[in-house]
Each structure stands twice: as C-alpha cells, then as structure tokens.
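Participant: Got a structure for you, written out below as structure tokens; questions coming shortly.
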Amino acid sequence: MVNEAFPSTLQSGAPAELNEPQARAVATTEGPLLVFAGAGSGKTRVITYRVAHLVATHRVPPYRILSVTFTNKAAGEMRSRLDRLVGPEVTRDLWVGTFHATCAKLLRRFHRAAGLDRNFVIYDDGDQRAVVARVLKEMKLDERRYPVRMVLSRIHREKQEGRSPEQMHRRDWADDQVVKIYQRYEEHLDAASAVDFEDLILRATRLAESDLPEGQELRHRFRYVLVDEFQDTNQIQYRLVRQLVRNHHNLCVVGDDDQSIYRWRGADVRNIRGFRNDFPEAEVVKLEQNYRSSARIVRAALAVIKPAREREPKELWTANHDGEKVSLVATSDERDEAAYVVSRIRDLVRQGVSLQDIAVFYRVHAQSRVLEEVMRVENIPYQIVGGTKFFERAEIKDLLSYLRVLVNPRSDVDLLRIINVPARGIGTTTTDRLVALADEKKTSVYGALDAALLAPDIGAAARKKLASFRALLASLTEKVQTDSPSEAANSVLEQTGYRKGLENEDTAESDARLGNLAELVGSIMEYEIEAQAAGEKPTLSGYLERVTLASEVDQMKDVPRLVLMTVHGAKGLEFRAVFLTGMEDEVFPYKGIAPGEEEELEEERRLAYVALTRAREHLVVTHAAVRTLYGQQRYNRPSRFLLHLPPQDVEPIMTRPPPPRFIDRAGWPSTRDNGSPWRHPMSGVGQNDAARPGERYVDKEVFDDVSPDLSATEGLEKGSRVRHARFGEGEVLSVERAHELMVVAFFPGWGKKKILARFLQQA
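Each number in the numbering used here comes from the position in the sequence shown (counting from 1) with 761 added on.
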C-alpha cells in the first residue's frame, strides 16, 4: 500500500528532504529530463522520489515504470528506499535493476523472438575465455599471436557498438582473422543456447528495434524510463533506452560527466554531453550541493576537476563545515607509504572510526601487494574488492557448472568442465574425441554422448565411463524437475561424490572448500526465501542468473574490516576516511600521455575526482619518491593533478626526504635550506613522521584493471617496429605471455626494456 504521507507532502510543496533543484527534477514528469548530479548531491534520493511521485501522485501503474542502474548494490538500495516511500507491495511490481538483469528478464519473457531457448545460460568471463580458446584451437591459431583476452576484448567492443561479425570495423588484414574468430565464437554460443553479458543488451536492443509484435510490445511496455549513472552507458545501452521511449520520450537520465571513468569498457561520455542534441526539448536540472563531504574535501575535488576540457560547467558546493585539512603526504617509497597509511589508520580507529568505514584506494591492483603485507604484519583485518571472488573459486564454479548443465545440457563450457570432476577416468583423449564428434555432427557435446557410445575409435572402458556419466546427468536432471534449487545442489554434491571426495581428503584446504560449498548452498536458500517473499517461484535458472550477474561491489561484506580497492571499484561508494595512494605521474595518471591521447588524461582526471569525492571527513593523499611496480623501480614526480589542490585546504606532510638518486633523476631540489627540513614538492614545510623502512618488495605478477588496447598489440612479433611514449622507436626482440602480453624491445639510447604490450604502438 502506498505510504499515505507521501502524496500530501508533494501536493503541499516539495518534501523537506528535497532542495529546490531536486524537487524540480522530481516534479518534471513528462518528456525528456537531463539531471546533472554532482558527487554526493543526492541523486538516488531524486530518482526514488521521482518514482514514488509517479506512483503516488500520478497513479502510474508500477509495472509501467523502468529504473535501471549499473550495480545490483545500487538497485538494492533503490528498492529499499522505495519500500519505505511507497511500500513493498508497490515496489514488487516496479522494474528496478541493472541493465543486464533487466535485459535478462525481458529476454526470458521474449526468448523465442530473441532467438533463444527459455533456459538459455549466461556465460561469465571465464566461460567466454574458454569458448574463445576452443575456437582458436579449432582454427589452429597461435594463442600467442591472438591472445584470448585481447580477442575477447575486441569482440566485446564490437558488441558494445552494436556490430555483428559481418558489420565489424576492419582496420587491417589481421582483423580478417578476428572476424572469423568472432563468427565461430557466436556459433558456439548459439549451439549452447548461451549468451555473454554484451549479448543480453544487444539482443534486447535488436528486438526493441524490430517490427515484430514482441518488439512493438516492448516499446509500449514502459511509460516512464529512468537511467541512473547515465555517463557510464555505452552506445548499445543508449540505443536500447531510446527505443524504449520512442513513442513518448518520457526519459529521465541522471549522471555526471565529471564521473565518467569507464571508457575502457565501453562507456561513452558523449551520451550525456550530447543528450540535448538527441532530445532538444529536454529539461535540464543541475544538482550541485554536496551533502557527503566536508567543505575542504569538496573544494579540493572541485579544484582537481575544473581544468578538465569539455565538461558541463558545475560548481560543486556544500553547507557542511570545513573539517580537517586534506593530508598530502610525501613518502620515500611504497613501504614507507604503507607504513604511514597503517599508522594513520590506527590513529583513526583510536578516534572511534570503524575499520569498515575506512578505505584505501590505488590505481591498479599491483599496488595492493605491499599494503597487504603491512596489513597482515600489523594484524589489521581487510578485504580486497576486485581480488579472487567467491564465485570464481574452483569448487564453486564446479557446482555451478553442474547446475547449469542440468538446466541447459547444451552448454559445452560447463559440461567439459565437469565431465571428469570429480575424477571418473574420462581423460583428455576421450574428451577431445567427444568434442570432435560434436563438431562433426553439428551438435553439442552432450548431444554427442550417444554417438560416442557407438564410436569404434573410443575404447570399451571409455564408453562405459561415458555411459555412466550420461546416466548420472539423467538422474540429476529428474531431481531438478521436482526438487527446490538448494535440494538440487545438495543432490549434485552427494550423487557425484564431490562432497565425499573432499571429506575423504581431510585437509585444511578441503575443509575450506567444503565450507565454501556450504556457503553456496546457503546462498541458494537465501535466494529461495527472497523469491518467495516477492511472490515469485524460485528456480534454478533464476538463481544462476543472479550469481552470474553479481558484481564485485555487490559481494562486499558489511563486517568491520578495512577495504582495499582500485578507484574504479570505488565508484558509487563513500567512506568516513579515504587513503588515496600512489598519486604519482606514470601511476596516477596511469601512464605517460602521448600526443593524441588527451582523452585518456581527461578520464584519469575524472577518476581522481571520483576518488577524492568518496571521502566524507578524512582524506589522505600519498605519493612516493621511488616505487617498484611490475618488478621495475620507478622515479616519478607527484601527480600533476596535485598541483591544482588549494593550498589553504591542504596539510603537507613528509615522512622522510627522498633519496639523492631520486633527486638527481627527477630534478627536484636537492639542498636543505640552512638546516631547515626538506621542503615538500607541492607546498608548505614537511613534517618528520618517522616510519620504519622495510625490505624492498617486488611484484612478481601483473594485475591491473585497464582493458588492453587491441589495436596497439595485434601482429607484434620479433623484428616489429614499435613506439613508446618515453623511449621512442625501437625493435621487438621477443614477445612473452604473462598475465597479459609482454614485449622485450631494444630502444636506442635506452637499451633493452620489458614493457606491457598495451603501452606500445606499432611504428
């Protein structure tokens, strides 16, 4: 039932919770509306009040309203607020969710028109990589020349632009082969009745653009559409939204071009900046009052973003008190930096700040290693957002693959994963023959099982094991028809012997894996309870869809522990205290900006703005004179973004002077002034906060959250000429595959260098 207090508050004027621009955005219901929402300006409040206003005042049926955002966490918060405003009975009928979850729901409903089976599966990143690897093997292509991740990145980029293999933009001869890989990749997905994340939106968009009756129904389904975080939409998402409002233009988009930080995964800031070109009649509202942060933090963030090119003019301000100054800390190296961060964290905890309200940010995952070491030594509990996720653990993926095969036996990726898990004597030779049979007969691997039982080149022992495996799946499939999802999961663990095998191992590791499986079954039971409470029947398909679409931020635990994460992962979050580490050129901004790459620098500036605006009360920014990253020692200047910080709002701190070699290399002042403390490079006088030196820690792995630029790395081989922003033109000596493509090249005047391939351009 609608909250009776809500309509009267709107009818008598704006609710007390809304300021004037917020109230205007809520009350503007008809036609297109563009809301520029500065950081911490209450955009979620505006969206939820607007939905409630449509339902309570204009009596719009809830099922005719669609509100989309980018994380399940944000969608959950939106639903929770709407429950309080209009009641759970009304919220239940609203369409509130992420783009992917919304499209998955629509495709389930219109699966035939979209060319899908009702029980289609959604392949996650690992599944997609497995399909590409299989395609490369079938096409006899060298994975070193066509790295799986890079090929998949290219396919995703084409889908985000709405292009099929036939429509793919070809830049050179190498793209001819990528087109063929893309085609075969799509064939495998179709054969498995599977889709990837991009397909969810692409297929829904094509259906909405079609003249099919289902397409027309889709275009008439929603009378009001709201899009949160609009600056993060890509082209295909924007195409979908425009189709959904084609008949009425009742579209409200809320976002901030200053917070557009996902260009590397397809986000197009031009969507929000060009919205008024597509909808000239659009009403524009700017939310500029920040409710989150202290005044000093707001002024610091605004000073960093103001020099950006082409931004929509916005003057972020706050009525909050000034608060403490922003700490700008110069450290000697990454160990010194980590020691200082831990010291300040302990101070905050003593002041009553909970660990769960403190976050440490870094630009790339590799920076977390030293921080983690020091946290462990100092016994500070922490969690990594963006590290190994629960649903990527081997035992979890094994059980989920079993469940997905039972729902959709045509999913080759899942069947091949579990065909010999736990070990049942079906070896690689038998599996390869089974895959070959499936290819010959143009069927799925499951469909080839019957043929394999009659194949003369498969031995009697192997045929017996395959027959036993097929009988096992048939038995479990019957269970799925009658049992609840959690009961089906327990049946899999029992009948396959998976649980018994781990119990027999009787090791700490097997106990941990059993605990993880119990956690997964518990997760399924929670889903069942939530589905029943929402008036829905819990299904295995529904649960599998939920976990596949879950994001890293959604899995954050509300427990008292420190959060370590990249700035990209911090989007949409806020903390009482934020430590922004590694603020040096070549680290943040992430790499040297060559001519023609100005937009990359612009996005890095926006990323810095996002980082600063996550803090409510305490903001500490650190940079190191020397940093070892990816196994290389770097001598970097403080980030150019720090030059814009207002001196009156900053407290400069120095843990110790930089080493002489750094001064020589970076060209900073190398003398002390009449015995006075060494001067901070930005402003003010440094303070000597002693920090223990530590043994140099060298990263052995490459971790980062930047999507590789395929155009810069295709066709690299020995003898290729390449160009680097710092080292100039050189010759490739060898190409290596680590976590991603590495190149060893010789640069005149610099010698031999090992560099990540995405930092190079072909000369």
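Ideal placement from N, C-alpha and C gives every residue a C-beta, glycine not left out.
When DSSP labels each residue in this structure, what does VAL1463 get in the three-state scheme?
Facilitator: Note on VAL1463: pLDDT 27, under 50, position unreliable in the model; no value is reported.
Participant: Taking GLY887 as part of the alpha helix (DSSP H), name the residues at either end of that continuous run.
Facilitator: Its alpha helix (DSSP H) spans residues 886 to 899.
Participant: Could you give the first and the last residue of the continuous alpha helix (DSSP H) run that contains ILE942?
Facilitator: Looking at the DSSP string, the run of the alpha helix (DSSP H) that includes ILE942 is 935 to 952.
Participant: Could you pull the start and end residues of the beta strand (DSSP E) that VAL1121 belongs to?
Facilitator: From DSSP, the beta strand (DSSP E) with VAL1121 extends over 1119 to 1123.
Participant: Suppose the cutoff is 6 Å on Cβ atoms and the five residues either side in sequence are ignored; what does the same chain contact list for PHE1340 look like?
Facilitator: Contacts found: VAL1102, VAL1121, VAL1381.
Participant: Among PRO1321, LYS1067, ARG870, VAL851, whose alpha-carbon lies nearest the alpha-carbon of ALA965?
Facilitator: Taking only the C-alpha atoms, the option nearest ALA965 is ARG870.
Participant: Do you know offhand how far GLU1363's Cα is from ARG1070's?
Facilitator: Cα-Cα distance, rounded: 7 Å.
Participant: Using a Cβ distance threshold of 8 Å, determine whether the region 1031 to 1041 contacts the region 1011 to 1021, with at least three qualifying pairs required.
Facilitator: A contact exists between the region 1031 to 1041 and the region 1011 to 1021.
Participant: From VAL857 to GLU1098, what distance separates their C-alpha atoms?
Facilitator: Approximately 42 Å between the Cα atoms of the pair.
Participant: Under 9 Å between the Cβ atoms of ARG1325 and GLU1073?
Facilitator: Note on residue identity: the sequence assigns Leu, not Arg, to residue 1325. Not a contact, by the Cβ cut-off of 9 Å.
Participant: Does the distance between the C-beta of THR1257 and the nearest non-hydrogen atom of the ligand MN fall short of 8 Å?
Facilitator: By its list of ligands, the structure shown contains no ligand whatsoever, and the ligand MN lies outside what it can speak to.
Participant: Under a three-way DSSP split, which group does GLN998 fall into?
Facilitator: Correct three-state label for GLN998: helix.
Participant: Between which two residues does the beta strand (DSSP E) containing MET1503 stretch?
Facilitator: MET1503 -> beta strand (DSSP E) spans 1502 to 1508.
Participant: Is DSSP giving HIS1010 helix, strand or coil here?
Facilitator: The answer is coil: DSSP assigns HIS1010 none of H, G, I, E or B.
Participant: Taking 9 Å as the threshold (C-beta atoms), are GLU990 and VAL1015 in contact?
Facilitator: In this structure, GLU990 lies closer than 9 Å to VAL1015 by Cβ.
Participant: With DSSP as the reference, identify every bridge partner of SER1088, one or two as the case may be.
Facilitator: In the DSSP output, where bridge partners are listed per residue, SER1088 has VAL1381, GLU1412.
Participant: Let me check understanding here. Comparing Cα to Cα, which of LEU1164, TYR1207, GLY803 lies closest to LEU1254?
Facilitator: Nearest C-alpha to LEU1254: LEU1164.
Participant: Give the DSSP-derived three-state secondary structure of LEU1048 in the structure shown.
Facilitator: Three-state DSSP puts LEU1048 in a strand.
Participant: Candidates TYR943, ASN1251, VAL1090, ASP1267: which alpha carbon is nearest LEU1301's?
Facilitator: Of the listed residues, the one whose Cα sits closest to LEU1301 is ASN1251.
Participant: On the DSSP bridge list, what partners appear for GLN1112?
Facilitator: In DSSP, GLN1112 forms no bridge with anything.
Participant: Which same chain residues, not among the five before or five after MET1286, have their C-beta less than 7 Å away from its C-beta?
Facilitator: Excluding residues within five positions, the ones whose Cβ falls inside 7 Å are SER1247.
Participant: Using 10 angstroms around the beta-carbon of VAL1138, count the other beta-carbons present and answer buried if the total reaches 16, otherwise exposed.
Facilitator: The residue in question, VAL1138, is exposed, as its Cβ has fewer than 16 Cβ neighbours within 10 Å.
Participant: Among all the DSSP beta bridges, which residues are the ones paired with ARG1395?
Facilitator: Answer is ARG1388, bridged to ARG1395.
Participant: Can you tell me the Cα-Cα spacing of SER1481 and SER1495, whole angstroms?
Facilitator: Spanning the two alpha carbons is a distance of roughly 9 Å.
Participant: Mapping the DSSP letters down to three states, classify THR852 as helix, strand or coil.
Facilitator: Note: THR852 maps to helix in three-state DSSP.
Participant: Count the CB pairs spanning the region 1052 to 1070 and the region 783 to 796 that are closer than 8 Å, and state whether there are at least three.
Facilitator: Counting Cβ pairs under 8 Å, fewer than three are found: no touch.
Participant: Tell whether a beta-carbon distance below 9 Å holds between CYS1013 and ARG811.
Facilitator: Contact: yes.
Participant: Between ARG1260, ALA835, ALA786, GLN1128, which lies nearest to LEU1160 when the distance is taken from Cα to Cα?
Facilitator: Among ARG1260, ALA835, ALA786, GLN1128, the Cα nearest to that of LEU1160 belongs to ARG1260.
Participant: Which class does ARG905 belong to by DSSP, given the choice of helix, strand or coil?
Facilitator: If DSSP states are grouped into helix, strand and coil, ARG905 belongs with coil.
Participant: Using CA coordinates, which residue listed in PRO1183, PHE1402, VAL787 is at the minimum distance from LYS1067?
Facilitator: That would be PHE1402, whose Cα lies nearest to the Cα of LYS1067.
Participant: Look at the alpha carbon of LEU1198 and the alpha carbon of LEU1214, and state the distance between them as a whole number of angstroms.
Facilitator: So the alpha carbons of these two residues sit roughly 11 Å apart.
Participant: Look at the alpha carbon of ASP1039 and the alpha carbon of ARG1003, and state the distance between them as a whole number of angstroms.
Facilitator: Approximately 9 Å, taken between the alpha carbons.
Participant: Need the endpoints of the beta strand (DSSP E) that GLN1144 sits in, please.
Facilitator: Start and end: 1143 to 1146.
Participant: Taking Cβ positions, are GLN1144 and ARG1274 nearer each other than 9 Å?
Facilitator: In this structure, ARG1274 does not lie closer than 9 Å to GLN1144 by Cβ.
Participant: Among all the DSSP beta bridges, which residues are the ones paired with ALA798?
Facilitator: For ALA798, which the question treats as bridged, DSSP gives the partners LEU1048.
Participant: By a C-beta neighbour count over all protein chains shown, 10 Å radius and 16 as the cutoff for buried, is THR1327 buried or exposed?
Facilitator: Classification of THR1327: buried, given that the 10 Å Cβ count is 16 or more.
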